[in-house]
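Protein chains in written order, with the working numbering: chain A, 26 to 213; chain B, 26 to 213; chain C, 26 to 213. Even glycine gets a Cβ: it sits at the ideal position worked out from N, Cα and C. Written below as C-alpha cells is the structure these notes are about.
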Amino acid sequence: MDAQITSKILVLLFMFLTVSSSHNHEGNNKHYKPCKRLVLFFHDIVYDGTNAANATSAIVGAPQWGNLTILANQSHFGNVVVFDDPVTLDNNLHSPPVGRAQGQYVYDTKNVFTAWLAFCFVLNSTDYQGSINFVGYDPLMVKARDISVVGGTGDFFMHRGIATVMTDAFEGNVYFRLRVDIKFYDCW
Amino acid sequence: MDAQITSKILVLLFMFLTVSSSHNHEGNNKHYKPCKRLVLFFHDIVYDGTNAANATSAIVGAPQWGNLTILANQSHFGNVVVFDDPVTLDNNLHSPPVGRAQGQYVYDTKNVFTAWLAFCFVLNSTDYQGSINFVGYDPLMVKARDISVVGGTGDFFMHRGIATVMTDAFEGNVYFRLRVDIKFYDCW
Amino acid sequence: MDAQITSKILVLLFMFLTVSSSHNHEGNNKHYKPCKRLVLFFHDIVYDGTNAANATSAIVGAPQWGNLTILANQSHFGNVVVFDDPVTLDNNLHSPPVGRAQGQYVYDTKNVFTAWLAFCFVLNSTDYQGSINFVGYDPLMVKARDISVVGGTGDFFMHRGIATVMTDAFEGNVYFRLRVDIKFYDCW
C-alpha cells in the first residue's frame, strides 16, 4: 500500500470526523440549510356573535373579566381560541385550500399582544399528504416570529424544524391571515 | 500493510458512509423499524352532569353556543375536554391500570368530528416507569390516525415516534376507548 | 505503510464505531451529559378576583362545578390556567427578570394535585435570546418532576431535552414558585 492510498484513507477519516461532529450539532453554527421547505398561508375568522356562517374559530376560554364573543381587555389575556382554518398556497382567502390549520391559541400576556400556539397543519393535496405539529410563542407585534415544529406524520414523518410566522393581514379583531414559512431541518 | 487489510478498511469505511447517511435520514424511505413499541388502551368517560363518580374527564371550555355538560352542536366545535383516564394493557375498562392518560383534547372542526390532542401517558408498572408526551390531529371518523410522540421521560427519556390511534369502542358521547399503538423511532 | 499507521487507523475506526453507536442512542444508558444546562425560576400569581394588579395568571377554563376565581374542588380537576410569569435567575420574585414563562397548565386529576403543562420560556438577556418549548406531566406533590423540552428557537434552535421541575415555594393557592433545571441533550 503506497502513501497515496494511506493519505486518501486519512482524508476520508477526517471527512468523517467533520461530518460526525457537525451531526452531533453541538457547535454554534445555526446556519443550517433546510432539508425541506414549505410556505403556506392560513386564514382565521374569529366568531364574534354575528358571523356564525363564516367564522373559522371561536373563543372557548376567557378570564373572569371576559366573555365568549369579544376578545378580553388587557391584550386579550386569558382568551383561549380554538380554530379550524383553511390553508392556502397564496394569500387569497378564496384560493382552493390545500389543507386545514387546526388547534388552539392562547393570549397570554396582559400588556402586549402575544399568544401561545399549539396546532397542526393537515395537508391533503397532490403534493403533500400528512400533518405537521407546531408549538410556540407568538409575539404578534413582531414582524417575523419563530415557533417550533415538533413532529409530523405521513409525508412529514418524524420531521422537526422551525416555522417563521408573519402576520400577512388583519382586519380588526375578527380576521387575520398568517404566512408560515416552514423549514424542516430533520427530515427522516 | 497488505492489500487485504486495506480492502477491509475500505469496506468498513463504506459501511460507515452507509450508516451515517441513513442516520441523516434525508432519504424518502419511511419504512423504519421501531426501536421500541407499545400497544395500550385508554378509557374516557366524559362528565355529563349525572356521572360525577365515574367520570374521568370534563368539558372545561365551550364556545358561546355551548355549555359544560353537553358536547356542543356543530361537531362539538370549540369544546375543550380535560381528562385523567386509566390506561390498560387490554380493552377491558376494569383491567388493572398500568398508568394514566392525562391532558386535554379540543374539538376543532365545525362539520366533522375531529380533535386536536395534547396529552401524556404516565406509566407506572413493573415493565415501564416514565411518561410519554403526545400531540396531534385526530380525525375521529378515520379508522387509524397517526399523531406525534414528541418526547418522554424515565424509561422513555428523549424518545420520539408516531402513535397510531384507533377508536376501539364508544357509547354515545359519554364513553370511548382508544387503542394506541406507540412506535418509537428515536429511542436513546 | 507500516504497521503503526495501520493500527492507528484501526483505533480511529474503533473510536468512530463507538461514537456512532452512542449517537444512535439505542442503548439503555440514560446517563447522558447535557450539552447545555440552565437553572431558572418562575413565579406564578393566580388571579383570585382581588389581585388584578399583581396577578400573572388567570383561570380561563373550569368544569361545570367550578368558576373563574377559585380553583375548583377535586384537586382543581379541569381548571385551565393561562400564565405570563416572570423568569428570574434566583428565587427572588423581585429580581430583574431575564424572560417570561408563558402558556397554560391544566389540572388534570380528580384525587391528587397534578397538572399537564404546555408553555415556553422566552429569554431576553445578555446571555440568552430565544425561546424554549416545554410539555409534560407535573405531579405537584412529587419533589422533582421531569418534563420534555420539545423544541427551541434563537439560541435554543432545534434543541431538545429534559427539564426537572421543583416547587420552590408556595403560598396557598395564589402564589407558587418553580425551579426549572433545563438539561439539553440535543443542542445543534
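Completely contained alpha helix (DSSP H) runs for the region 123-188 of chain B, where each covers 4 or more residues: Whole alpha helix (DSSP H) segments, 4+ residues: zero.
Outcome for A:G176 when other beta-carbon atoms lying within 10 angstroms are tallied against a minimum of 16: Sequence index remark: in the first sequence, residue 176 of chain A carries index 151 (1-based). With 16 or more other Cβ atoms within 10 Å, it is buried.
Minimum Cβ-Cβ distance from A:G161 to chain B less than 9 Å: Here residue 161 of chain A is taken as the residue at index 136 of the first sequence, counted from 1. By this cut-off, A:G161 is not an interface position.
Which listed residue (A:N158, A:F182, A:R185, A:I172) has its alpha carbon closest to that of A:T139: For the purposes of this step, residue 139 of chain A is identified with residue 114 of the first sequence, where counting begins at 1. Measuring from the Cα of A:T139, the nearest candidate turns out to be A:I172.
C:A83 in three-state terms, based on DSSP: Here residue 83 of chain C is taken as the residue at index 58 of the third sequence, counted from 1. Collapsing the DSSP output to three states places C:A83 in a strand.
Residue-level contact to chain C via CB, B:N53, 9 Å cutoff: Residue numbering aside, residue 53 of chain B sits at position 28 when the second sequence is read from its first letter. Summary for B:N53: the model assigns pLDDT 43, below 50, so the residue's position carries little reliability; its value from the coordinates is reported in the next sentence. B:N53 does not count as touching chain C.
Cut-off 7 Å between Cβ atoms - residues of its own chain near A:P88, not counting five sequence neighbours on either side: Translated into the one-based positions of the first sequence, residue 88 of chain A becomes position 63. Scanning its chain for C-beta atoms nearer than 7 Å, with the 5 sequence neighbours on each side dropped, one finds around A:P88 the residues A97, F102, G103, in chain order.
Where A:H56 sits in the DSSP three-state scheme: Position 31 of the first sequence holds residue 56 of chain A. Here A:H56 sits in coil by DSSP.
CA-to-CA distance, A:N76 to A:F214, given in whole angstroms: Nothing can be reported for residue 214 of chain A: it is not among the residues displayed for chain A, which extend from 26 to 213.
Which residues DSSP lists as bridging C:V199, in chain order: Counting from 1 along the third sequence, the entry for residue 199 of chain C is found at position 174. Beta-bridge analysis with DSSP links C:V199 to no other residue.
In DSSP terms, what A:D69 is bridged to: The sequence position of residue 69 of chain A within the first sequence is 44, counting from 1. The partner list for A:D69 (beta bridge, DSSP) reads A:F201.
Within-9 Å CB hit, A:V199 to chain B: Position 174 of the first sequence, counted from the start, is the residue given in the question as residue 199 of chain A. Proximity of A:V199 to chain B, defined by a Cβ-Cβ separation below 9 Å, is not satisfied.
Extent of the continuous beta strand (DSSP E) to which C:P111 belongs: Locating residue 111 of chain C in the third sequence gives position 86, where the first residue counts as 1. Where C:P111 is concerned, the enclosing beta strand (DSSP E) stretches over 105-113.
Residue burial classification, B:T151 (beta-carbon count within 10 angstroms, cutoff 16): The residue labelled residue 151 of chain B in the question sits at position 126 within the second sequence. Its Cβ having fewer than 16 others within 10 Å, B:T151 is exposed.
Short CB-CB distance (under 9 Å) between A:A143 and chain C: By one-based count along the first sequence, residue 143 of chain A stands at place 118. Output row for A:A143: interface = yes.
Validate contact between the region 108-124 of chain A and the region 111-128 of chain B using beta carbons, cut 8 Å, 3 pairs: In this structure the region 108-124 of chain A does not touch the region 111-128 of chain B; the number of beta carbon pairs closer than 8 Å is below three.
Whole-angstrom distance between A:D115 and B:Q154, CA atom to CA atom: Within the second sequence, numbered from 1, the residue matching residue 154 of chain B stands at position 129. Within the first sequence, numbered from 1, the residue matching residue 115 of chain A stands at position 90. Straight-line Cα distance between these residues: approximately 47 Å.
Assigned secondary structure, C:I95 (DSSP; H/G/I helix, E/B strand, else coil): Mapped onto the third sequence, residue 95 of chain C falls at position 70. In the three-state reduction of the DSSP assignment, C:I95 falls in the coil class.
Cβ neighbours of C:V199 in the same chain (closer than 8 Å, five flanking residues each side left out): As a working note, residue 199 of chain C is residue 174 in the third sequence. Within the same chain, Cβ atoms closer than 8 Å to the Cβ of C:V199 are found at I70, V71, D73, N76, the five residues on either side in sequence being excluded.
Chain B residues whose Cβ lies nearer than 7 Å to that of A:T94: Within the first sequence, the letter at position 69 stands for residue 94 of chain A. Going along chain B in sequence order, the residues near A:T94 (Cβ under 7 Å) are Q89.
Residue nearest to A:D193 in terms of C-alpha spacing, selected from A:I187, A:R202, A:F181: As a working note, residue 193 of chain A is residue 168 in the first sequence. For A:D193, the nearest C-alpha among the options comes from A:R202.
Helix, strand or coil at C:L63 according to DSSP, with G and I counted as helix: The residue you call residue 63 of chain C lines up with position 38 of the third sequence. If DSSP states are grouped into helix, strand and coil, C:L63 belongs with the strands.
A:S173: contacting residues in chain C (beta-carbon distance under 7 Å): What you label residue 173 of chain A is simply residue 148 of the first sequence in a count that begins at 1. What A:S173 touches in chain C: N158, V175, G176, G177, T178.
Neighbourhood of B:H68 by C-beta, 6 Å cutoff - its chain only, sequence neighbours within 5 removed: Counted from its first residue, the second sequence places residue 68 of chain B at position 43. Sequence-distant Cβ neighbours of B:H68 in its own chain, meaning closer than 6 Å and more than five residues away, are D110, P111, L118, R202.
Beta-carbon spacing of C:V190, C:D163 below 9 Å: Translated into positions along the third sequence, residue 190 of chain C becomes position 165. Translated into positions along the third sequence, residue 163 of chain C becomes position 138. Cβ distance < 9 Å, so C:V190 and C:D163 count as in contact.
Proximal residues to C:Q99 (C-beta, below 6 Å), its chain only, five neighbours per side dropped: Counted from its first residue, the third sequence places residue 99 of chain C at position 74. The residues are K135.
Near-chain C residues of the region 69-87 of chain A (beta-carbon distance less than 7 Å), N- to C-terminal order: Those would be G86, A87, in chain order.
Min CB distance C:Q127 to chain A below 9 Å: What you label residue 127 of chain C is simply residue 102 of the third sequence in a count that begins at 1. Flagged as an interface residue toward chain A: C:Q127, by a C-beta distance shorter than 9 Å.
C:G103: contacting residues in chain B (beta-carbon distance under 8 Å): What you label residue 103 of chain C is simply residue 78 of the third sequence in a count that begins at 1. Here the neighbours are A83, V85, V107.
Neighbourhood of B:K61 by C-beta distance below 6 Å, restricted to the same chain and skipping five residues each side: Here residue 61 of chain B refers to the residue found at position 36 of the second sequence. Same-chain partners within the cutoff: F209, C212.
DSSP beta-bridge partners of B:A194: Taking the first residue of the second sequence as position 1, residue 194 of chain B is located at position 169. Secondary-structure assignment with DSSP links B:A194 through a beta bridge to B:R202.
Per-residue contacts from C:V147 into chain D (C-beta, under 7 Å): As a matter of chain content, chain D is missing from the structure shown, whose protein chains are A, B and C.
Distance CB(B:Y132)-CB(B:F144) smaller than 9 Å: In the second sequence, the residue the question calls residue 132 of chain B occupies position 107. In the second sequence, the residue the question calls residue 144 of chain B occupies position 119. No; because the gap between Cβ atoms is not below 9 Å, this pair is not in contact.
Contact residues within the region 179-190 of chain C, judged by C-beta distance below 7 Å to chain B: Answer set for the region 179-190 of chain C: R185, I187.
Beta carbon proximity, C:V64 to chain B, threshold 9 Å: For the purposes of this step, residue 64 of chain C is taken as the residue at position 39 of the third sequence. No, C:V64 lies away from the interface with chain B (no Cβ there is under 9 Å from its Cβ).
Rounded C-alpha distance that separates A:L148 from B:G161: Position 123 of the first sequence, counted from the start, is the residue given in the question as residue 148 of chain A. Position 136 of the second sequence, counted from the start, is the residue given in the question as residue 161 of chain B. Across the structure, A:L148 and B:G161 are spaced so that their CA atoms are roughly 13 Å apart.
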